[in-house]
Amino acid sequence: MADKIVLSAGGNVYEGWTKIRITRSLEAMAGSFDLELTHKWDGSDSKYKAFMKPIQQGAPCVVKIGNDKVITGYVDDWVPSYDDSKVMISVSGRDKTSDLIDCSIIYPSGQFMNQTFTQIAKTVCQPFSINVVVETDAGAAFTKVQIEQGETPHELLTRLARQRGLLLTTNGEGDLVITRASTKRAGVSLILGENIKAARGRFSWRERYSQFKVKGSGIDWNDAGPEVAGGIEAIVRDSEIGRYRPLIIVNDEITTADGASKRGQWERQRSIGRSNTAEYTVAGWRIPQTGKVWNVNQIVPVQDDIVGLNEDMLINTIMFSEEEDSGRIAVIGVVRPDALKMPAQEKIEVVKGW
Numbered sequence: 331m332a333d334k335i336v337l338s339a340g341g342n343v344y345e346g347w348t349k350i351r352i353t354r355s356l357e358a359m360a361g362s363f364d365l366e367l368t369h370k371w372d373g374s375d376s377k378y379k380a381f382m383k384p385i386q387q388g389a390p391c392v393v394k395i396g397n398d399k400v401i402t403g404y405v406d407d408w409v410p411s412y413d414d415s416k417v418m419i420s421v422s423g424r425d426k427t428s429d430l431i432d433c434s435i436i437y438p439s440g441q442f443m444n445q446t447f448t449q450i451a452k453t454v455c456q457p458f459s460i461n462v463v464v465e466t467d468a469g470a471a472f473t474k475v476q477i478e479q480g481e482t483p484h485e486l487l488t489r490l491a492r493q494r495g496l497l498l499t500t501n502g503e504g505d506l507v508i509t510r511a512s513t514k515r516a517g518v519s520l521i522l523g524e525n526i527k528a529a530r531g532r533f534s535w536r537e538r539y540s541q542f543k544v545k546g547s548g549i550d551w552n553d554a555g556p557e558v559a560g561g562i563e564a565i566v567r568d569s570e571i572g573r574y575r576p577l578i579i580v581n582d583e584i585t586t587a588d589g590a591s592k593r594g595q596w597e598r599q600r601s602i603g604r605s606n607t608a609e610y611t612v613a614g615w616r617i618p619q620t621g622k623v624w625n626v627n628q629i630v631p632v633q634d635d636i637v638g639l640n641e642d643m644l645i646n647t648i649m650f651s652e653e654e655d656s657g658r659i660a661v662i663g664v665v666r667p668d669a670l671k672m673p674a675q676e677k678i679e680v681v682k683g684w
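Laid out in structure tokens, this is it:
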């Protein structure tokens with residue numbers, strides 16, 4: 331028996347949706363949902379009236395697949411509509427962490443001094459009553475972080491996460507999750523001719539560069555005292571790109587030479603990830619071998635001679651959908667596992683005095 335999709339909002343429980351779309355991403359702070367219910371006119375409006383109690387926009391909500399929470403957040407939109415043959419009601423919303431994306435930071439001093447990424451994340455999340463889950467070492471403290479006027483928590487944390495090789499996502503409970511690419515296995519393979527219903531690959535050089543020059547800005551504190559970090563330039567190369575394609579990045583915050591090189595390595599890995607992707611459509615929302623709902627940040631082996639993949643890939647996006655014509659499907663987005671990982675220490679060219 332197929333799992334029911336249940337929306338709990340405003341003290342009421344809603345189900346029986348005729349169109350469903352739920353999206354989660356390892357690289358997005360908030361998951362989202364779009365649910366739709368359509369009634370065709372049948373000469374009686376009793377069923378229509380029973381469902382017409384509005385779902386209040388802004389109401390706290392939970393979306394479940396069976397007993398598994400996939401979204402914990404708020405209703406963004408309630409959209410009733412009709413024509414001469416049917417009535418349609420559409421509801422959409424996002425995780426609690428959507429407030430971190432939409433709203434600005436209000437912090438009296440406007441800056442953080444000698445605080446770690448985790449400390450900063452907890453501080454900016456606290457006014458929104460959002461819990462922070464830390465799954466990895468987030469690195470050393472930042473010497474100084476200046477909040478830009480009107481900056482959102484999402485913008486602030488994203489620019490700091492780039493310097494630490496961190497991923498910011500959520501977990502179905504509405505928490506902010508600080509993590510890295512996982513080695514956990516999904517317990518299933520995606521195989522051409524077996525469980526793959528459709529596939530689409532994208533392999534591109536549009537966002538690939540032969541070298542990333544990261545230029546420091548601010549003060550570089552070392553054992554000898556402060557020096558001008560504006561004179562530090564880390565050069566990170568992508569050996570797969572044969573022609574001359576440089577990219578200059580001016581670092582957002584105070585940085586050491588090591589920090590600049592890590593930022594360059596992270597930008598290189600992200601460019602690889604964005605340029606080598608595939609999407610696989612499978613039947614159902616659960617993994618048959620485990621009974622678990624498909625989830626991001628898990629390794630799945632792919633065997634697909636048409637797209638050209640025969641290797642372990644990392645799940646970075648999931649889209650659950652259901653419509654009358656297509657049935658219940660999951661679209662699994664995958665990238666190379668190393669595309670979202672900070673690589674092992676490598677020799678980086680560092681130039682002073684640029």
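Number 684 marks the last residue of the sequence shown (the numbering used here); no jumps.
Here a beta-carbon is modelled for each residue, glycine too, at the ideal position from N, C-alpha and C.
Nothing here was measured: the structure is a model prediction, and the numbers come from that model.
**Asked** Excluding five sequence neighbours on each side, which residues of the same chain lie with their C-beta closer than 6 Å to the C-beta of D333?
**Response** By 1-based counting over the sequence shown, the position of residue 333 is 3. If we look at D333 and ignore the five residues flanking it on each side, its Cβ neighbours are I395 and G396.
**Asked** The beta strand (DSSP E) spanning Q595 covers which residue range?
**Response** Residue 595 sits at position 265 when you count from the first residue of the sequence shown. Note, Q595: premise wrong, no beta strand (DSSP E); alpha helix (DSSP H) at A587 to S605.
**Asked** Do you know whose CA, among D425, T482 and E465, lies nearest T453's CA?
**Response** Taking the sequence shown and counting its residues from 1, the one referred to as residue 453 is at position 123. In terms of Cα proximity to T453, the closest of D425, T482 and E465 is T482.
**Helix, strand or coil at Q633 according to DSSP, with G and I counted as helix** = Looking up residue 633 in the sequence shown gives position 303. Under the three-state reduction of DSSP output, Q633 falls in the strand class.
**Request:** Identify every residue that forms a DSSP beta bridge with Q441.
**Result:** As a first step, residue 441 must be located in the sequence shown, where it is residue number 111. DSSP output for Q441 lists Q476 as bridge partner(s).
**Prompt:** With C-beta atoms as the reference, is T488 less than 7 Å away from A468?
**Reply:** Looking up residue 488 in the sequence shown gives position 158. Looking up residue 468 in the sequence shown gives position 138. In this structure, T488 keeps its C-beta atom at 7 Å or more from the C-beta atom of A468.
**Request:** Run through the stretch 341-409 for me and flag every whole beta strand (DSSP E) of 3 or more residues, listed as ranges in chain order.
**Result:** Within the stretch 341-409, the complete beta strand (DSSP E) runs of at least 3 residues are 342-344, 349-355, 362-370 and 390-395.
**Request:** Count the other CB atoms, across all protein chains shown, that sit within 10 Å of the CB of T513; report buried if there are 16 or more and exposed otherwise.
**Result:** One-based indexing of the sequence shown puts residue 513 at position 183. Exposed, by the Cβ-count rule.
**Request:** Could you check which residue in A339, I508 and D568 has the C-alpha nearest to that of M359?
**Result:** In the sequence shown, counting from the first residue as 1, residue 359 sits at position 29. Among A339, I508 and D568, the Cα nearest to that of M359 belongs to I508.
**Message:** Run through the DSSP bridge pairs and tell me what F447 is partnered with.
**Reply:** Numbered from its first residue, the sequence shown carries residue 447 at position 117. Residue pairing by DSSP places F447 opposite no residue, since no beta bridge is assigned to it.
**Message:** Can you give me the C-alpha to C-alpha distance between F458 and Q619, rounded to a whole angstrom?
**Reply:** Translated into the one-based positions of the sequence shown, residue 458 becomes position 128. Translated into the one-based positions of the sequence shown, residue 619 becomes position 289. Straight through space, the alpha carbons of Q619 and F458 are spaced by roughly 38 Å.
**Item:** Beta carbon of K416 nearer than 7 Å to that of K370
**Value:** Position 86 of the sequence shown, counting from 1, holds the residue named residue 416. Position 40 of the sequence shown, counting from 1, holds the residue named residue 370. Against a cut-off of 7 Å, the Cβ pair of K370 and K416 comes out as a contact.
**Prompt:** What are the start and end residues of the beta strand (DSSP E) that includes P576?
**Reply:** For the purposes of this step, residue 576 is taken as the residue at position 246 of the sequence shown. If you look at P576, you'll find it in the beta strand (DSSP E) that goes P576 to V580.
**Message:** So, for D430: in the same chain, excluding its five sequence neighbours on each side, which residues have a beta-carbon less than 8 Å away from its beta-carbon?
**Reply:** Locating residue 430 in the sequence shown gives position 100, counting from the first residue. The displayed chain sequence assigns Leu, not Asp, to residue 430. By the criterion of a C-beta distance shorter than 8 Å, L430 is surrounded in its chain by M359, A360, V454, C455, F458, I460, T482, P483, H484, L487 and L506, once the five residues flanking it on both sides are discounted.
**DSSP beta-bridge partners of F533** = Stepping through the sequence shown from its first residue, residue 533 is reached at position 203. In the DSSP assignment, F533 forms a beta bridge with N606.
**Request:** Would you decide whether N444 is buried or exposed? Buried here means 16 or more other CB atoms lie within 10 Å of its CB.
**Result:** Locating residue 444 in the sequence shown gives position 114, counting from the first residue. Counting Cβ neighbours within 10 Å, N444 comes out exposed, since fewer than 16 surround it.
**Request:** Determine the extent of the beta strand (DSSP E) in which S648 is found, giving its start and end residues.
**Result:** To locate residue 648, count along the sequence shown from 1; it is residue 318. The residue asked about is misnamed: residue 648 is Ile in this sequence, not Ser. Segment L639 to E653, the beta strand (DSSP E) holding I648.
**Item:** Residue of T466, C433, I477 and R424 minimising C-alpha distance to I450
**Value:** The residue given as residue 450 occupies position 120 in the sequence shown. Considering only alpha carbons, the answer is I477.
**Asked** Counting Cβ pairs, one atom from each stretch, are 3 or more of them under 8 Å apart for the stretch 491-505 and the stretch 519-535?
**Response** No, because fewer than three Cβ pairs between the stretch 491-505 and the stretch 519-535 fall closer than 8 Å, the two stretches do not touch.
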